[in-house]
Structures are given as structure tokens and as C-alpha cells.
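Line by line, the protein sequences are chains B and U.
Mapped onto numbering that gives the first Met the number 0, the consecutive letters of the first sequence carry residue numbers 0 to 226.
Mapped onto numbering that gives the first Met the number 0, the consecutive letters of the second sequence carry residue numbers 0 to 226.
We put the CB at the ideal spot given by N, CA and C, even for glycine.
All values derive from a computational prediction rather than experimental measurement.
One structure below.
There are 2 protein chains.
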Amino acid sequence: MKRRNAIVLVSGGLDSATALAVARDEGFHCYALSLDYGQRHRAELQAAAQVAEALGAAEHRRMAVDFAGIGGSALTDTRIPVPEQPSQGIPVTYVPARNTVFLALALGWAEVAGAGAIYIGVNAVDYSGYPDCRPEFVTAFQSLARLATKAGVEGAPIRIETPLIHLSKAEIIKLGTALGVDYSITVSCYQADEQGLACGVCDSCRLRQAGFESAGIVDPTRYKDGS
Amino acid sequence: MKRRNAIVLVSGGLDSATALAVARDEGFHCYALSLDYGQRHRAELQAAAQVAEALGAAEHRRMAVDFAGIGGSALTDTRIPVPEQPSQGIPVTYVPARNTVFLALALGWAEVAGAGAIYIGVNAVDYSGYPDCRPEFVTAFQSLARLATKAGVEGAPIRIETPLIHLSKAEIIKLGTALGVDYSITVSCYQADEQGLACGVCDSCRLRQAGFESAGIVDPTRYKDGS
């Protein structure tokens, strides 16, 4: 049944790998979508392909979107340094409207594939303060999806599923581990090198390290300093 | 003042050219955004560049989005013929989630450019029955934009402006003509040739022809049959 297809946004990071594992565990045939948006490092996209394969996605598709042309974020503009200390407010690693664009593209694919759901690994607990990771953002996108699509008009709207939204990083890691996610192949670091080795000091690395520690699970992350 | 900047989605067609003229008339510095989404003909994008220049846009940016990879529409999949007779329901020229993606990308640029508004030339009167041209879709996107962005979080949400939404095609043509739009450089046809010559028989050509006739304005469209 086609409605058992799901589009899963897979970035190559820890959260989206867990979201993919949850979608599979809930019985969906998963179509993994990664966005090539001019992010600083390519290791993230390679990790996404590995994650999709390891977790049995039926297909992995990479779509290019020219975010670098827009700029305005440390993740797409190499002139803006990635902060290595915690900051107040919305950090410079925020990519303007990124999750809106990602969900919009997933919505297009979902409509063509006849998918019943889109899974996205946003979470609002141990997160970086991005506006488009909040539950109210997801709810607003769900309303939009109902109105924006043929599926919605025909009474079978595509659901936006956020299985991690209320979990802490430690809870996400425990959940994924129970579902067989191999976190050693995921890359969370904002400035990983070409081999996918993590810096250990950016916001994303700090959240991830603290998550493994709090979960009591050995951190399999490969760091640049060899640790 | 930066808030007097506006992003205007310019497709190369009649409606978006009119929306650009309205935004300029309302005093905005306009940044024209065209999406290269694998549409059948390139003449549309060339027309967009001409329209942006003719109407004094401060900048014209073309962003590539891989809609062809998704397929499912006669406008992006050459295996699906463009219908030459009116159809019931949502037509095959509907591109899944297109306006959601367009507005999302405009939102990203608007946030970086500090723009106060996004103009989009959708209209819900003489239109093709696409779900993402309806007023309720626009309202939902406006709610999303407030939640999705730094600007929204900081209390200065980016407005979505749809000056044509309640106008008939004839009213749009009269409005644009009064604002100095040269419709001879616009291309509305779903299957224009490389020179931008129109077929005269697709949905979009039929709506446009009827609009000029009803407005009592000579149709400057260049047709393939030389008329």
C-alpha cells in the first residue's frame, strides 16, 4: 500500500538517522532525501548515503538547492566562522528557512510517491535554538501541507512526523541504539573534515558528546584529534 | 531602510510581471527571484530576466531546484503531455509543492536581505485549479513564515503579499498596463518554443488570450503560428 511509503529527511547526522530507524520500525518503506545545500563539508552527504543504506531505505535521493547563493549562515558561507563557544539567541549556524525548504521538497516527493508521511528528526529539547525546529513550526507546516497539496485537497493529507521532538539527546541515542542505529557512520559536526572526523568543539559536537555521556553509551564519534 | 526591500517571485509570465510592477509602485526595492526547476522551456527564464530588468529590479537571481528529479508533472516530465483541452480537477500541469518550495526559498533570501515582504503573483480567479494558488494556502504560509524565521521570532515577520489574488485575468492585465508592464516580453505558455513563441492552445495560453480580449487590450503575445 503506497500510503505506507514515507519520505525521511536524512542529513547524515545522529537525529535524522534515528528518525529513519523509527520510520522503518513503524513499518514504513522509507525513501531517504538528502539536500545538497552547499554545506561546508561533503562528509555529511556521504554519511547520509551510508545511513540510508545501513537502515534499509528503498531509495536515497540527493537534491541540490542553492542555499550558498543566499548566504547568511556559517554553514553555507565560509566567510562566517563556526562558533566554538555557546552563544545567546539564534546562532549564526542557523540557515535561513532551511527546514521550510527541506520539508517543501519532501512534500513534493511525497505527493508524487503517494507517501502518507514525512519524517524529520527535529527536536526541541537539546537543540541549537533554531526557529524552525520548534513544535509550533512543525504544526504550521502540517497545516500548510494539507492546503498545498493534491493529497490534502483529496482528503488524505501527508502527515509530518517528528518522533524525536520531545526527546533529549540522550533519549534519542538510547532509542536509536535500541533500533540498531550505528552512530559511528553518522556525522553531526558543523565543520567535519573530508573524512567525516569531528572537531569536538562546535555546538553540534558538544550536544552530541553530552548526549552519549548522559545516555551512558560509549561515544563512537571519530574526532580530528584522534580521540 | 532595509524593510523596504521586497523579494518578488518572477517566473517570466504575465502575473508575476504584474506583481513586480505593483511592488515597485508600492515603493519597494525589488529583488527578483526566478526558479530554474527543470521546466520544459528555457524561454520562461529568459523572459524573467528581461522582465526584472524592464521593471527596474535591483537584482535578479536564478536559483536551481531539482524538481525534474521528482517528476509527476507535465511541466517537469517530458513524458507527460501538456493538455490542449480544459480538464476537470487538478490538472497534470500542477507541479507538486511548487509554490511551497518557491516561497520557502524566497523566505530564506528575504531573511538574509532583511526584506519586509515577499510578492507572489498567484491568483484564485482565472487560474488553473492548483491547490497552492488559493488564499487559504497563502494564509497558511504566512503563519509558517512567522514561526520559521529569525525575523518572525524577533517580532518583524516577513509579509507574503499577493496583490493579484482576487483579480480576474482581465483586471490583472489592466492593472499591469496602467503600471507600464510590457506584456510582449512575458511568456505564459506551458510549451513555448526556444524563442518564447506561444502554442495558443494550452490552459495558460487560453486564460491569457481570454484576459486580453476581456480587458479590451490588444494581445501582444507572439504565437508559433505567426498570429
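Out of curiosity, what's the CA-to-CA distance linking residue i and residue j?
| i | j | result |
| --- | --- | --- |
| residue 15 of chain B | residue 225 of chain B | 25 angstroms |
| residue 197 of chain B | residue 57 of chain B | 29 angstroms |
| residue 270 of chain U | residue 84 of chain U | For residue 270 of chain U there is no data in the structure shown, the boundaries of chain U being 0 and 226. |
| residue 95 of chain B | residue 220 of chain B | 28 angstroms |
| residue 199 of chain B | residue 207 of chain B | 9 angstroms |
| residue 238 of chain U | residue 164 of chain U | What is shown of chain U runs 0 to 226, which leaves residue 238 of chain U out entirely. |
| residue 75 of chain B | residue 66 of chain B | 7 angstroms |
| residue 34 of chain B | residue 114 of chain B | 19 angstroms |
| residue 210 of chain U | residue 167 of chain U | 8 angstroms |
| residue 54 of chain U | residue 25 of chain U | 13 angstroms |
| residue 3 of chain B | residue 98 of chain U | 26 angstroms |
| residue 30 of chain U | residue 105 of chain U | 10 angstroms |
| residue 90 of chain B | residue 153 of chain U | 14 angstroms |
| residue 194 of chain U | residue 149 of chain B | 33 angstroms |
| residue 79 of chain U | residue 173 of chain B | 47 angstroms |
| residue 161 of chain B | residue 116 of chain B | 10 angstroms |
| residue 223 of chain U | residue 81 of chain U | 16 angstroms |
| residue 62 of chain B | residue 155 of chain B | 26 angstroms |
| residue 180 of chain B | residue 49 of chain B | 11 angstroms |
| residue 45 of chain B | residue 131 of chain U | 34 angstroms |
| residue 100 of chain U | residue 100 of chain B | 6 angstroms |
| residue 13 of chain B | residue 218 of chain B | 12 angstroms |
| residue 107 of chain B | residue 27 of chain B | 18 angstroms |
| residue 216 of chain B | residue 175 of chain B | 11 angstroms |
| residue 151 of chain B | residue 88 of chain U | 13 angstroms |
| residue 52 of chain B | residue 51 of chain U | 44 angstroms |
| residue 77 of chain B | residue 205 of chain U | 48 angstroms |
One question on the structure: do residue i and residue j come within less than 7 angstroms of each other, judged by their Cβ atoms?
| i | j | result |
| --- | --- | --- |
| residue 64 of chain U | residue 93 of chain U | no |
| residue 11 of chain B | residue 121 of chain B | no |
| residue 157 of chain B | residue 109 of chain B | yes |
| residue 182 of chain B | residue 201 of chain B | no |
| residue 129 of chain B | residue 5 of chain B | no |
| residue 137 of chain B | residue 171 of chain B | no |
| residue 243 of chain B | residue 22 of chain B | The structure shown does not extend to residue 243 of chain B, since chain B is modelled only from 0 to 226, so the question has no answer here. |
| residue 111 of chain U | residue 184 of chain B | no |
| residue 134 of chain B | residue 123 of chain B | yes |
| residue 213 of chain B | residue 169 of chain B | yes |
| residue 42 of chain U | residue 9 of chain U | no |
| residue 102 of chain U | residue 60 of chain U | no |
| residue 139 of chain B | residue 142 of chain U | yes |
Can you pull the DSSP bridge partners for residue i?
| i | result |
| --- | --- |
| residue 7 of chain U | U:31, U:118 |
| residue 159 of chain B | B:117 |
| residue 197 of chain U | U:222 |
Would residue i pass as an interface residue toward chain A - the criterion being a Cβ-Cβ separation below 7 angstroms?
| i | result |
| --- | --- |
| residue 224 of chain U | Within the model displayed, chain A is absent; protein chains B and U are what it includes. |
Would the beta-carbon of residue i be found less than 6 angstroms away from any heavy atom of the ligand FMN?
| i | result |
| --- | --- |
| residue 197 of chain B | Ligands are entirely absent from the displayed structure, and the ligand FMN is therefore not among its contents. |
Going along the stretch 87-105 of chain U in order, which residues come within less than 9 angstroms of chain B, judged by CB to CB distance? So the close ones are 88, 89, 93, 94, 95, 96, 97, 98, 99, 100, 101, 102, 103, 104, 105.
Going along the chain, which unbroken runs of the beta strand (DSSP E) with 3 or more residues stay wholly within the stretch 104-140 of chain B? Along the length of the stretch 104-140 of chain B, whole beta strand (DSSP E) runs at least 3 residues long occupy 116-118, reported in chain order.
Quick one: which unbroken beta strand (DSSP E) runs of 3-plus residues sit fully inside the stretch 42-100 of chain B? Chain order, please. If we require 3 residues or more, the beta strand (DSSP E) runs fully inside the stretch 42-100 of chain B come out as 58-63.
To be precise: take each residue of the stretch 112-131 of chain B, compare its Cβ to all Cβ atoms of chain U, and keep it if any distance is under 7 angstroms. Which residues remain? Going along the stretch 112-131 of chain B in chain order, one finds 130, 131 with a Cβ nearer than 7 angstroms to chain U.
With 7 angstroms as the C-beta to C-beta threshold (strictly closer), list the residues of the stretch 26-60 of chain B near chain U in chain order. Per Cβ criterion, the list reads 60.
Anything in the stretch 154-173 of chain B with a Cβ closer than 8 angstroms to a Cβ of chain U? List those residues in chain order, please. Per Cβ criterion, the list is empty.
In the stretch 2-20 of chain B, which residues sit with their C-beta less than 9 angstroms from some C-beta in chain U, listed in chain order? Those residues of the stretch 2-20 of chain B that come within reach of chain U (Cβ to Cβ, closer than 9 angstroms) do not exist; the list is empty.
Cβ-based contacts, 7 angstroms cut-off: residues of the stretch 189-210 of chain B near chain U: Near chain U, meaning a CB-to-CB distance below 7 angstroms, no residue of the stretch 189-210 of chain B qualifies.
Check each residue of the stretch 139-150 of chain B: if its Cβ is closer than 7 angstroms to any Cβ of chain U, include it; give the result in chain order. Listed by position along the chain: 139, 140, 142, 143, 146, 147, 148, 149.
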